[in-house]
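Sequential numbering of the sequence shown, starting at 1, is according to UniProt numbering.
Backbone N, C-alpha and C fix where the C-beta goes; we use that ideal spot for every residue, glycine too.
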Amino acid sequence: METIESIAANTALVRAREGGGRSWKWKEMLRFPHISQCKDLAMNIERDYYSLCVKQPIGKKLFQLFCRSRPDLQNYISLQDALDNFDIQSDDKRKESGNRIIQRFLMKQSSECVSILLRHERSCNQSLELNPCGDVFHGCREQPIMKQTFRQYRLLGKGGFGAVWACQVRATGKMYACKKLEKTHVKKRKREDMALNEKEILQELDSRFVVNLAYAYETKHNLCMVLTMMNGGDLGFHIHRMGSPGLTKDRVRFYAAEVCCGLIHLHQKSILYRDLKPENILLDDNGHIRISDLGLAVKMSEGSLVRGRVGTLGYMAPEVIGYERYGMSVDWWGLGCLIYEMTAGRPPFRAKGEQPKSSEMERRIQNEHEEYGNQFSKETKDICSSLLTKDPTKRLGSQKSGGKDVKFHPFFQEINFRMLEAGRVDPPFKPDPSQVYCTDVQDIEEFSTVKGVHFDQTDSFFYSQFNTGSNSIIWQNELIETGCFEELNVFGPKGSASPDLDW
Ligand code: ADP
Ligand code: MG
Ligand code: MG
């Protein structure tokens, strides 16, 4: 006979199996950790499309919800289902099933056509003919980031290897700046390592004082880095193109303080920036700055120094010019140049409008002392001359305590760094949202095209390393900021989305 204990035990088990039984404290138990506790995860998580939107179940669900909200992406979900089905077809049925998929999703005429995948039609047809049992639809399984992901707007600026354009993600409406490096230029000048280095350093960073990398992708002709949009223009523009050269003392102090925080963040991650100059410091809508252009940045190994004459001549530290080994000291020299230029309206070793020969610039930087006019207050002059100390071991910021020394300088007395680091200090100047703070489009020179460059296997490998698609953290912020997440993450009865979303 069954004992009362065993009846009770079995009933409990059967009940539990029937479902329900969630603790009344379940919400508390499942509460997500604060985002700041997820930093390690953010560093280590696999960020590719496959891992985030296919392999991870919640990621997949969120991605499907997102796709269902957009007519152009809805078909993509049906395609995914059709492909899952294709995978389990017996050998003799694969050809027919594959052809149906091509007809349904990869042909322009079809009402279910997935426009972003049209370009795969030919290759899928071919591989279906050749080997219907192979991975025929490989190219369709990834949702690639590509040219069509964005709308392109005006040219914002030009650099050494390509141009920076304003762009907008079609799906969410979020604006970004797209830095395009021309493949031909990169190859011709052997800058593959540099391009990859810039991309990899950017993707490792997460600071309010450094531009973020949202996407990295390739097109036929370009390698593209999609960056935080900085609508307020670069500091060079503000110093030199907005009336009489130079900035007011409160702006100088504020920008210098934010740059200082950005440098400290980089240095904490063992990254030496090496390209501090007004053109590389950008303003956002509210007037906060971010350091941009990490093309020359270098990751240092523990306790070691680097060598290399890189940077922009007028802003290079004496030890860089002198081919010596150097460390973080060169960025503090750069900050000195920046504070000087913001105050005086000209860089420290060059008169207004003067274009000295490089040898003369080098001589001045290594041997001459900069002059201080009456725009310089006592503290401004003091911080500049401490940062522009020729001997890197004696330079402000270069001692053990690093950036802390700089923060404690009397020049920054009125800055509350803790508030500043939390983004709680109102900038002294807010860019006018109706103004475009950059050189007129027609005055930015066109890029000359390089002919006779041929691409091979090595190039393809390099491009594939570069082409890592979206940065998951930034992408999630994009969805939240643009309100997409709120609209998508609405669960109505029975787990459906809210009734006003048109499924
Ligand atoms: P390079 O490495 O070739 O110097 P940069 O990254 O400095 O290229 O970009 C060149 C110019 O493009 C900058 O001086 C700036 O005016 C503009 N620019 C770059 N990034 C952005 C951005 N995120 N938002 C707005 N403008 C930008
Ligand atoms: Mg630049
Ligand atoms: Mg650069």
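Exercise. Start and end of the beta strand (DSSP E) containing Y215?
Worked result: DSSP places Y215 in the uninterrupted beta strand (DSSP E) bounded by 213 to 218.
Problem set entry | Check whether R47 and S472 have beta carbons under 8 angstroms apart | In this structure, S472 lies closer than 8 angstroms to R47 by Cβ.
Problem set entry | Within 5 angstroms of ligand 3: residues by beta-carbon to any heavy atom | Checking every Cβ against the heavy atoms of ligand 3 under 5 angstroms gives D293, G295.
Exercise. Which class does G232 belong to by DSSP, given the choice of helix, strand or coil?
Worked result: Here G232 sits in coil by DSSP.
Problem set entry | C-beta atoms of R290 and T228 nearer than 8 angstroms | The answer is yes: Cβ separation under 8 angstroms.
Problem set entry | Integer Cβ distance of R325 from A297, believed to fall under 8 angstroms | Actually they are not in contact, since the Cβ atoms of R325 and A297 sit about 17 angstroms apart, beyond 8 angstroms.
For this session: Report yes if the C-beta distance between E258 and H288 is below 8 angstroms; otherwise report no.
Result: Yes, these two residues count as a Cβ contact at 8 angstroms.
For this session: Would you grab the beta carbon distance between L235 and Y255 for me? Rounded to a whole angstrom, and I think it's under 8 angstroms.
Result: Contact between L235 and Y255 holds, since their C-beta atoms are separated by about 7 angstroms, short of 8 angstroms.
Exercise. Among residues of its own chain, excluding the 5 on either side of C484, which ones have a beta-carbon nearer than 6 angstroms to its beta-carbon?
Worked result: Excluding sequence positions up to five before and after C484, its CB lies within less than 6 angstroms of the CB of T172, all in the same chain and listed in chain order.
Problem set entry | Helix, strand or coil at W333 according to DSSP, with G and I counted as helix | W333 falls in the helix class under three-state DSSP.
Problem set entry | Every unbroken beta strand (DSSP E) inside the region 241 to 323 [3 residues or more] | The region 241 to 323 contains these whole beta strand (DSSP E) runs: 281 to 283, 289 to 291.
For this session: Count the other CB atoms, across all protein chains shown, that sit within 10 Å of the CB of I383; report buried if there are 16 or more and exposed otherwise.
Result: With 16 or more other Cβ atoms within 10 Å, it is buried.
For this session: Please state whether DSSP places N467 in a helix, a strand or coil.
Result: Three-state result, N467: coil.
Exercise. For L223, which option in M194, T248, L205 has the closest C-alpha, if you only look at C-alpha atoms?
Worked result: It is M194.
Problem set entry | Local conformation of C438 per DSSP, three classes | C438 falls in the coil class under three-state DSSP.
Exercise. Based on Cα-Cα distance, which residue from E279, L62, G327 lies nearest to T312?
Worked result: Selected option, being the one with the closest Cα: E279.
Exercise. Should G246 and G345 be called a contact, given that it needs their Cβ atoms to be closer than 8 angstroms?
Worked result: Judged by their CB atoms, G246 and G345 are nearer to each other than the 8 angstroms cut-off.
Exercise. Taking the alpha carbon of Q203 as the point to measure from, which residue in N75, K299, L156 has its own alpha carbon closest?
Worked result: Checked all of N75, K299, L156; the closest Cα to Q203 is K299.
Problem set entry | Secondary structure of F46, DSSP reduced to three states | Sequence inspection shows Glu at residue 46; the Phe mentioned does not correspond to that position. In this structure, E46 counts as coil in the three-state DSSP scheme.
Exercise. Closest by CA to Q366, which one among I480, G314, H409, S270?
Worked result: G314 is the residue among I480, G314, H409, S270 whose C-alpha sits nearest the C-alpha of Q366.
For this session: Give a yes or no on whether the C-beta atoms belonging to L420 and V406 are separated by under 8 angstroms.
Result: Contact annotation: L420 and V406 have beta-carbon atoms that are not nearer than 8 angstroms.
Problem set entry | In DSSP terms, what W475 is bridged to | For W475, which the question treats as bridged, DSSP gives no partner whatsoever.
Exercise. How many Å lie between G495 and G157 at the Cα?
Worked result: Model confidence at G495 stands at a pLDDT of 47, short of 50, so the residue's coordinates are unreliable; what they give is reported in the following sentence. C-alpha separation (whole angstroms): 47 angstroms.
Exercise. For L83 versus F137, is the C-beta distance shorter than 8 angstroms?
Worked result: Yes. Within cutoff.
Exercise. Can you tell me whether DSSP reads A171 as helix, strand or coil?
Worked result: In the displayed model, A171 falls within coil according to three-state DSSP, outside both helix and strand.
Exercise. From the DSSP output, which residues share a beta bridge with M165?
Worked result: First, the amino acid is wrong: residue 165 is Trp here, not Met. Paired residue(s): L155, C178.
Exercise. Would you say V211 touches ligand 1, meaning its beta carbon is less than 7 angstroms from a heavy atom?
Worked result: Yes.
Problem set entry | Rounded C-alpha distance that separates R94 from N85 | A straight line joining the alpha-carbon of R94 with that of N85 spans about 10 angstroms.
For this session: Output the boundary residues of the alpha helix (DSSP H) element that contains E198.
Result: Per DSSP, the unbroken alpha helix (DSSP H) holding E198 starts and ends at 192 to 204.
Problem set entry | Between the CA atoms of I145 and N125 - distance to the nearest angstrom | Roughly 23 angstroms between the two C-alpha positions.
Exercise. Do P428 and Y437 have their C-beta atoms closer together than 8 angstroms?
Worked result: Remark: C-beta atoms of P428 and Y437 do not approach each other more closely than 8 angstroms.
For this session: With distances taken Cα to Cα, identify the nearest neighbour of N212 among N477, L488, C53.
Result: The shortest Cα separation from N212 among N477, L488, C53 belongs to N477.
For this session: Would you please state the rounded distance, in angstroms, between the beta carbons of A163 and M175? I believe it to be under 8 angstroms.
Result: Under the criterion of beta carbons closer than 8 angstroms, A163 and M175 do not qualify as touching, at roughly 17 angstroms.
Exercise. With 16 as the cutoff for other CB atoms within 10 Å, does F105 come out buried or exposed?
Worked result: With a 10 Å radius around the Cβ and a threshold of 16 neighbouring Cβ atoms, F105 comes out buried.
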